[in-house]
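Residue numbers (this note's numbering), protein chains in the order written: chain A, 314 to 488; chain B, 2 to 175. Glycine residues also receive a C-beta, built at the ideal position from the N, C-alpha and C atoms. Fair warning: this is a prediction, and the values are worked out from it, not measured in the lab. Structure record follows, encoded as structure tokens.
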Amino acid sequence: MAALFGREGNVTFGGGIATVAALQRELVNSKRWLDEEQSSMCVALARFTPGTVLLAFCTGAGWLLGRWKGALTALLAGSIPSALLVALMTGCFDLWSSQKLVQVAVSAVLASSVGILLSAFWTTIRPYMKAGRRGQSLAMVAGSIVLAMVGHLNPILILLLAATAGYFLKEEQQA
Amino acid sequence: MNWFVLYIHLLQATLGSFSGLASMSILREDFVVQNHYLTDRQLNTALVIGRSTPGPVGLYVVSVGYYAGGYPGAFAGWLALVTPALLVIPMIQYAGRKAESPAVKRMLRAVVLASAGVSLAATLPLGVDALHSPIAYGIAAVSLGLLLFTKVETIWVILGSAAAGLIPAAMQRI
Numbered sequence: 314m315a316a317l318f319g320r321e322g323n324v325t326f327g328g329g330i331a332t333v334a335a336l337q338r339e340l341v342n343s344k345r346w347l348d349e350e351q352s353s354m355c356v357a358l359a360r361f362t363p364g365t366v367l368l369a370f371c372t373g374a375g376w377l378l379g380r381w382k383g384a385l386t387a388l389l390a391g392s393i394p395s396a397l398l399v400a401l402m403t404g405c406f407d408l409w410s411s412q413k414l415v416q417v418a419v420s421a422v423l424a425s426s427v428g429i430l431l432s433a434f435w436t437t438i439r440p441y442m443k444a445g446r447r448g449q450s451l452a453m454v455a456g457s458i459v460l461a462m463v464g465h466l467n468p469i470l471i472l473l474l475a476a477t478a479g480y481f482l483k484e485e486q487q488a
Numbered sequence: 002m003n004w005f006v007l008y009i010h011l012l013q014a015t016l017g018s019f020s021g022l023a024s025m026s027i028l029r030e031d032f033v034v035q036n037h038y039l040t041d042r043q044l045n046t047a048l049v050i051g052r053s054t055p056g057p058v059g060l061y062v063v064s065v066g067y068y069a070g071g072y073p074g075a076f077a078g079w080l081a082l083v084t085p086a087l088l089v090i091p092m093i094q095y096a097g098r099k100a101e102s103p104a105v106k107r108m109l110r111a112v113v114l115a116s117a118g119v120s121l122a123a124t125l126p127l128g129v130d131a132l133h134s135p136i137a138y139g140i141a142a143v144s145l146g147l148l149l150f151t152k153v154e155t156i157w158v159i160l161g162s163a164a165a166g167l168i169p170a171a172m173q174r175i
């Protein structure tokens with residue numbers, strides 16, 4: 314289990330969704346440790362769990378496979394190697410940040426991060442922009458931007474307001 | 002800073018988000034705006050490092066922890082990243098069926114969309130810090146285009162951006 318979660322959780326680029334898909338393939342199709350229903354339940358509940366979807370999926374799948382031992386094995390194997398890599402990379406950045414060429418490269422990379430963040434924004438909202446829910450979705454995004462930028466509300470308060478609004482919202486009619 | 006205090010601050014951000022980068026707005030408010038534990042540039046660098054490595058997108062929290070408290074801070078960041086994942090266990094045991102409830106689905110949808118909105122709002126100050134020349138604007142636009150319209154992986158976009166920044170600097174030296 315540690316080898317599987319360690320390999321898939323720490324070597325797949327593309328973020329949580331891509332890695333969850335790779336893990337599902339291994340767990341359901343290759344190893345047959347979980348059936349499709351169990352795997353889908355883990356994905357659904359991972360989306361409802363605060364934090365990172367991938368790590369919640371690893372923990373949920375590990376729990377189904379081996380209770381606490383399985384959950385902790387999957388969570389630790391799925392997170393420790395990549396976290397170590399990030400800590401070391403940050404330490405190296407810190408050490409070399411006074412070098413002129415490194416500063417130039419970092420400035421360029423920081424510019425690209427604006428593009429990365431904007432693409433992450435679009436990737437997040439795109440599934441909710443289908444006909445029948447586009448209006449509510451746009452209103453929710455726009456409202457949260459206004460509350461953050463104009464109202465200067467704390468982000469956690471904005472999320473709580475959104476959850477409350479979501480509870481009382483009605484589904485839009487299909488176009 | 003005490004690593005446990007840092008852990009509590011970081012945990013507040015990871016518990017308040019439902020996707021990898023959604024914690025960024027909460028972290029920026031706490032660490033940059035309110036408490037000045039790090040600068041916009043350090044937060045932006047942490048985001049880039051998080052995206053340069055395989056694994057979950059939220060890994061940048063480890064980098065944020067490092068900037069705020071060295072390697073013990075990075076450990077606090079990792080701990081804050083993994084702690085919320087344990088909440089899935091009681092959910093599997095007790096709440097599995099409620100995940101299909103329309104009201105719960107609507108609430109999750111609203112929270113995901115709002116977190117995207119507050120993340121976009123937090124991106125603007127990072128953009129002001131990062132975009133200070135026509136080349137920087139070009140790099141940001143090309144990166145966005147590549148990520149939206151091609152299947153190029155983020156690591157190649159980041160490495161390409163570094164090269165695009167270094168080439169004009171090298172030519173100036175020549």
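The three-state reading of DSSP puts residue 37/B in coil, since its state is none of H, G, I, E or B. Residue 360/A counts as buried, since no fewer than 16 other beta carbons sit within 10 angstroms of its beta carbon.
In the structure shown, the three-state DSSP call for residue 346/A is coil. Less than 8 Å separates the beta-carbon of residue 50/B from that of residue 402/A.
Chain-order list of chain A residues neighbouring residue 159/B: 422, 425, 426 and 429, by C-beta distance under 9 Å. Distance from the CA of residue 13/B to the CA of residue 118/B, rounded to the nearest whole angstrom, comes to 19 Å.
In this structure, residue 4/B keeps its C-beta atom at 8 Å or more from the C-beta atom of residue 56/B.
With a threshold of 8 Å between beta carbons, residue 359/A makes contact with chain B.
Taking a Cβ-Cβ cut-off of 8 Å, the neighbours of residue 435/A in chain B comprise 149, given in sequence order. Taking a contact to require three or more Cβ pairs closer than 8 Å, the region 69-85 of chain B and the region 438-451 of chain A do not qualify as touching. When secondary structure is reduced to three states using DSSP, residue 457/A falls in the helix class.
The closest CA to that of residue 108/B, considering only 315/A, 366/A and 477/A, is found on 477/A. For residue 416/A, same chain residues with a beta-carbon under 8 Å away, outside a window of 5 residues either side, are 410 in chain order. DSSP places residue 135/B in the uninterrupted alpha helix (DSSP H) bounded by 135-150.
With a beta-carbon spacing of about 6 Å, residue 62/B and residue 81/B fall inside the 8 Å limit used to define contacts. Contacts with chain A (Cβ-Cβ distance below 7 Å) from the region 12-39 of chain B involve 15, 16, 17, 18, 19, 20, 21, 22, 26, 27 and 30, listed in chain order. Annotation: residue 314/A has no Cβ neighbours in chain B at a cutoff of 9 Å; minimum Cβ distance is about 16 Å. In the DSSP assignment, residue 110/B falls within the unbroken alpha helix (DSSP H) covering 103-131.
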